[in-house]
Amino acid sequence: MLSSLSQVVDMHFFAFLRATGVTLQLTAVSLALAVVIGLAFAFLKLSRNPIANLLANAYIGVVRGTPLIVLLMFLYFGISSIVVLTSFWAGSFALAIHAGAYVAEIFRGTIQSIDHGQHEAARSLGMSRRLSMRLIILPQAFRRAIPPLGNQFIIGLKDSSLVAFLGVSEIYSTAMTAAAANFRPFETYLVAGLYYLVLVLIFTVLVNRLELKLTPDRRAAA
Amino acid sequence: MNVIETRNLHKHFGELHVLKGIDLTVAEGEVVVIIGPSGSGKSTLLRCLNFLEFPDEGSEVLLDGEPIDPASNNLDKVRERMGMVFQHFYLFPHKNVLNNITIAPENVKGMTRAKAKEIARDLLGKVGLPDKEKAWPSQLSGGQKQRVAIARALAMDPEIMLFDEVTSALDPELVAEVLQVIQDLAAGGMTMVMVTHEMGFAREVADRVIMMDDGMIIEEGEPAAFFANPTEERTKTFLGQVLHA
């Protein structure tokens, strides 16, 4: 089995390498968008405006209440009937809209978790609500958001495999194609799994580094 | 000249009537200490002075003789002129000591970084922490945190300082170092209103002691007379409890 595994690795090495690039691009684009969407909807949800709340709750409710594959297909066929998008971009937007709902809840939670006294101290120094949010609350909320965001990003990386069904040649679709050609599905999917595993492990290390970098006080205390 | 004045200050939290018509004046350079049992409204009164809590309609708060109207005054500008120190410090944990002090002068007053640093270092010297500017709040003792918090408030060059039970969260052996800083400030002529349970300190430093109970000022006076001969029964009871504790 080991030899057949190495054969599969050899045979499809460049295909998987290209596919890894595509998976990373999908993940990077969709998660960057998801952070922007998430932050915007976190503010809508925290707003005192009931219409903003309703909008945020509707978005989060719908996304969390439907499977990603359904959203993916719905948006792909929905969007592509209005504008011409490559399947890569359609997939990226769909992944972003999906992850954005979870990111919104992460940000809402961490913003709310900052002691109200922090805001009061900022206001007592003459800071406006906006300044207090920007200089005092958000930097602390971001730091607290890193572990759950890292989690969400790992999920996002793996969720990108579903874009295979839109015909994007990322890791999973490359595995499907390869397995159909080499008649060794077991080894091929094992290889695909290993690619994802290695990516996630690398990513985990990066997130841990980032967390350490953003918390100089904890680093100093340690 | 009164720095702060309140006229018929009322505050409700829902049904709860917390302040029931407070008339308070604090003259320039005066040190006013407010005492009273918990739940008497002391902290709420202090927080109404800088509008962290909004007084009820019809209440008046005057700063330097000018009425503050939350509807038309920019409260951020009002708060700039009043420093506040809290029981639980609320230092900004993501900023080191120096930046805790410089952040407001730089971002609120638009002071240059160099000037803000100069002021911060001077203040750190005054509160006895000249070697802590690079430390993180998490590395400081409670007493050190509170001294940084005092320096942070002073960096905005306020006309009045409000102290809200600033030693209540401290270990007993750390209380003195914070009180010393406040005493130095008082000696320097700073106007201040202080809610505290430190009766010895009140006796020594206050120009005037105010006893609150049930949302009202029930007695006030110059400290020697106030502590020696309280006239109100509730004051006697309260002092009996705290002084013999």
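Sequence lines, in order, name chains A and B. Just so we're aligned: the first sequence equals residues -16 to 205 in my numbering. Just so we're aligned: the second sequence equals residues 133 to 377 in my numbering. Heads up, the beta-carbon is just placed ideally off N, CA and C, and yes, glycines get one too.
Which of helix, strand or coil DSSP assigns to residue i
{"i": "Asp346 (chain B)", "result": "coil"}
{"i": "Phe145 (chain B)", "result": "strand"}
{"i": "Glu352 (chain B)", "result": "strand"}
{"i": "Asp200 (chain A)", "result": "helix"}
{"i": "Gly274 (chain B)", "result": "helix"}
{"i": "Asn239 (chain B)", "result": "helix"}
{"i": "Arg213 (chain B)", "result": "coil"}
{"i": "Ala248 (chain B)", "result": "helix"}
{"i": "Ile233 (chain B)", "result": "helix"}
{"i": "Val146 (chain A)", "result": "helix"}
{"i": "Asp208 (chain B)", "result": "helix"}
{"i": "Asp254 (chain B)", "result": "helix"}
{"i": "Thr157 (chain A)", "result": "helix"}
{"i": "Lys152 (chain B)", "result": "strand"}
{"i": "Arg366 (chain B)", "result": "helix"}
{"i": "Val174 (chain A)", "result": "helix"}
{"i": "Val12 (chain A)", "result": "helix"}
{"i": "Thr299 (chain B)", "result": "coil"}
{"i": "Glu185 (chain B)", "result": "coil"}
{"i": "Glu330 (chain B)", "result": "coil"}
{"i": "Pro269 (chain B)", "result": "helix"}
Limits of the alpha helix (DSSP H) - the one that residue i falls within
{"i": "Arg167 (chain A)", "result": "Arg167 (chain A) -> no alpha helix (DSSP H), and no H or E assigned at all."}
{"i": "Glu309 (chain B)", "result": "304 to 319"}
{"i": "Phe295 (chain B)", "result": "Element bounds for Phe295 (chain B): not the alpha helix (DSSP H) but the beta strand (DSSP E), 292 to 296."}
{"i": "Val86 (chain A)", "result": "70 to 96"}
{"i": "Val45 (chain A)", "result": "33 to 47"}
{"i": "Ser175 (chain B)", "result": "174 to 181"}
{"i": "Ser63 (chain A)", "result": "51 to 65"}
{"i": "Asn101 (chain A)", "result": "This sequence places Gln at residue 101 (chain A); Asn is not what is there. Segment 99 to 107, the alpha helix (DSSP H) holding Gln101 (chain A)."}
Any chain A beta carbon closer than 8 angstroms to residue i
{"i": "His149 (chain B)", "result": "no"}
{"i": "Arg366 (chain B)", "result": "no"}
{"i": "Ile235 (chain B)", "result": "yes"}
{"i": "Leu178 (chain B)", "result": "no"}
{"i": "Phe145 (chain B)", "result": "no"}
{"i": "Ser300 (chain B)", "result": "no"}
{"i": "Pro269 (chain B)", "result": "yes"}
{"i": "Asp208 (chain B)", "result": "yes"}
{"i": "Met216 (chain B)", "result": "yes"}
{"i": "Arg279 (chain B)", "result": "no"}
{"i": "Asn231 (chain B)", "result": "no"}
{"i": "Ile293 (chain B)", "result": "At residue 293 (chain B) the sequence reads Met, which differs from the Ile that was named. No, Met293 (chain B) lies away from the interface with chain A (no Cβ there is under 8 angstroms from its Cβ)."}
{"i": "Phe186 (chain B)", "result": "no"}
{"i": "Glu305 (chain B)", "result": "no"}
{"i": "Met322 (chain B)", "result": "no"}
{"i": "Glu265 (chain B)", "result": "no"}
{"i": "His376 (chain B)", "result": "no"}
{"i": "His142 (chain B)", "result": "no"}
Residue-chain proximity (residue i, chain B), Cβ-Cβ < 8 angstroms
{"i": "Gln95 (chain A)", "result": "no"}
{"i": "Ile129 (chain A)", "result": "no"}
{"i": "Ile92 (chain A)", "result": "First, the amino acid is wrong: residue 92 (chain A) is Gly here, not Ile. Chain B, which has no Cβ nearer than 8 angstroms to the Cβ of Gly92 (chain A), makes this no."}
{"i": "Arg126 (chain A)", "result": "yes"}
{"i": "Gly100 (chain A)", "result": "yes"}
Closest residue to residue i among the options (Cα-Cα distance)
{"i": "Thr209 (chain A)", "options": "A:Thr49, A:Val151, A:Glu88", "result": "In this structure chain A extends from -16 to 205, so residue 209 (chain A) is not present and cannot be described."}
{"i": "Ala17 (chain A)", "options": "A:Glu103, A:Ile43, A:Leu38", "result": "A:Ile43"}
{"i": "Pro237 (chain B)", "options": "A:Ser107, A:His102, A:His81", "result": "A:Ser107"}
{"i": "Ala158 (chain A)", "options": "A:Leu0, A:Ala39, A:Ala175", "result": "A:Ala175"}
{"i": "Met(-6) (chain A)", "options": "A:Thr160, A:Phe148, A:Leu9", "result": "A:Thr160"}
{"i": "Ala124 (chain A)", "options": "A:Ile89, A:Arg202, A:Phe60", "result": "A:Ile89"}
{"i": "Ser96 (chain A)", "options": "A:Gly109, A:Leu51, A:Ala105, A:Arg127", "result": "A:Arg127"}
{"i": "Glu330 (chain B)", "options": "B:Glu297, B:Met214, B:Asn361, B:Phe224", "result": "B:Glu297"}
{"i": "Trp72 (chain A)", "options": "A:Arg91, A:Thr10, A:Gln(-10), A:Leu27", "result": "A:Thr10"}
{"i": "Ala318 (chain B)", "options": "B:Met293, B:Leu302, B:Leu375", "result": "B:Met293"}
Residue range of the beta strand (DSSP E) that includes residue i
{"i": "Thr323 (chain B)", "result": "323 to 327"}
{"i": "Glu192 (chain B)", "result": "192 to 195"}
{"i": "Val164 (chain B)", "result": "163 to 167"}
Residue i Cβ short of 7 angstroms to the ligand PLP heavy atom set
{"i": "Asn182 (chain B)", "result": "Among the components modelled here there is no ligand, and therefore nothing to report on the ligand PLP."}
Chain C within 8 angstroms of residue i, Cβ atoms only
{"i": "Glu212 (chain B)", "result": "In the structure shown, chain C cannot be found, because the protein chains are A and B."}
TODO: With 7 angstroms as the limit, tell me which residues of the stretch 237 to 258 of chain B have their beta carbon closer than that to any beta carbon of chain A; keep them in chain order.
DONE: Asn239, Val240
- [ ] Select from the stretch 148 to 176 of chain B all residues with a C-beta closer than 9 angstroms to any C-beta belonging to chain A, and list them in chain order.
- [x] none
TODO: Please name the residues in the stretch 102 to 123 of chain A whose beta-carbon is closer than 7 angstroms to at least one beta-carbon of chain B, in chain order.
DONE: Glu103, Ala104, Arg106, Ser107, Leu108, Gly109, Met110, Ser111, Leu114, Leu118, Ile119, Pro122, Gln123
- [ ] Note down, in chain order, all residues in the stretch 188 to 204 of chain B with a beta-carbon under 9 angstroms from any beta-carbon belonging to chain A.
- [x] none
Task: Under 7 angstroms (Cβ pairs) to chain A, residues found in the stretch 325 to 352 of chain B - done: none
Task: Interfacial residues, the stretch 177 to 201 of chain A to chain B, with Cβ spacing under 9 angstroms - done: Leu197, Thr198, Pro199, Asp200, Arg201
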